[in-house]
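I have placed the structure first, in the form of structure tokens, so that the comments after it can refer back to it.
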Amino acid sequence: MNKVVDFLKYFVPFSIVLLVTQYFIMQSLSAQLVFFYSVWSIYIFNILATFLVYLFLIYVNKVFPTYTGFAFLGASFFRMMVAIIFLIPLIKAGVKDPIIDLGAFFIPYFLFLLFETYFTVRLINKG
Numbered sequence: 264m265n266k267v268v269d270f271l272k273y274f275v276p277f278s279i280v281l282l283v284t285q286y287f288i289m290q291s292l293s294a295q296l297v298f299f300y301s302v303w304s305i306y307i308f309n310i311l312a313t314f315l316v317y318l319f320l321i322y323v324n325k326v327f328p329t330y331t332g333f334a335f336l337g338a339s340f341f342r343m344m345v346a347i348i349f350l351i352p353l354i355k356a357g358v359k360d361p362i363i364d365l366g367a368f369f370i371p372y373f374l375f376l377l378f379e380t381y382f383t384v385r386l387i388n389k390g
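Sequence positions in the sequence shown follow the numbering used here and run 264 to 390.
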């Protein structure tokens with residue numbers, strides 16, 4: 264439980280700062296652009312995915328410590344597949360300029376992945 268609290272101690276402020284920053288950026292651009300996904304849906308996806316993957320990694324590290332890195336790779340692949348499923352409505356909608364919406368999704372996605380990677384390395388090194 265201590266690993267989860269340690270993770271949340273950094274994860275919650277990180278998520279809030281990113282959410283607020285992207286919210287204000289998207290609000291300032293909303294007069295010129297129409298976004299397919301709201302900030303809330305993007306961040307609910309990223310926050311849940313990151314937290315659930317990290318919980319899974321803590322479990323794997325506790326039961327099979329030598330396989331934590333492999334579990335991270337598998338979970339990252341699975342998370343990317345779920346991200347593609349999340350983006351299917353955008354792809355099928357035939358949005359005129361999907362690059363902006365993809366950027367609005369993938370910039371926080373990769374920031375959360377980087378955060379998750381850092382804590383996974385810490386988890387592996389402590390084990």
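Glycine included, C-beta positions come from ideal geometry on N, C-alpha and C.
Since this is a predicted model, take the numbers as computed values, not measurements.
(request) Could you tell me whether the stretch 307–322 touches the stretch 330–343, where touching means 3 or more Cβ pairs closer than 8 Å? (result) yes
(request) Report yes or no: do the stretch 275–283 and the stretch 344–356 share at least 3 C-beta pairs separated by less than 8 Å? (result) no
(request) Report all residues from its chain with a CB closer than 6 Å to the CB of SER293; omit the five preceding and five following residues, and keep chain order. (result) The sequence position of residue 293 within the sequence shown is 30, counting from 1. Counting only Cβ-Cβ distances below 6 Å, and skipping sequence neighbours, we find nothing.
(request) Would you please state the rounded distance, in angstroms, between the beta carbons of LEU365 and LYS266? I believe it to be under 8 Å. (result) Within the sequence shown, residue 365 is the residue found at index 102, counting from 1. Within the sequence shown, residue 266 is the residue found at index 3, counting from 1. Actually they do not touch by this definition, with Cβ atoms about 33 Å apart.
(message) Going by DSSP, what residue range makes up the alpha helix (DSSP H) through THR380?
(response) Residue mapping note: residue 380 aligns to position 117 of the sequence shown, counting from 1. 361–389 is the extent of the alpha helix (DSSP H) around THR380.
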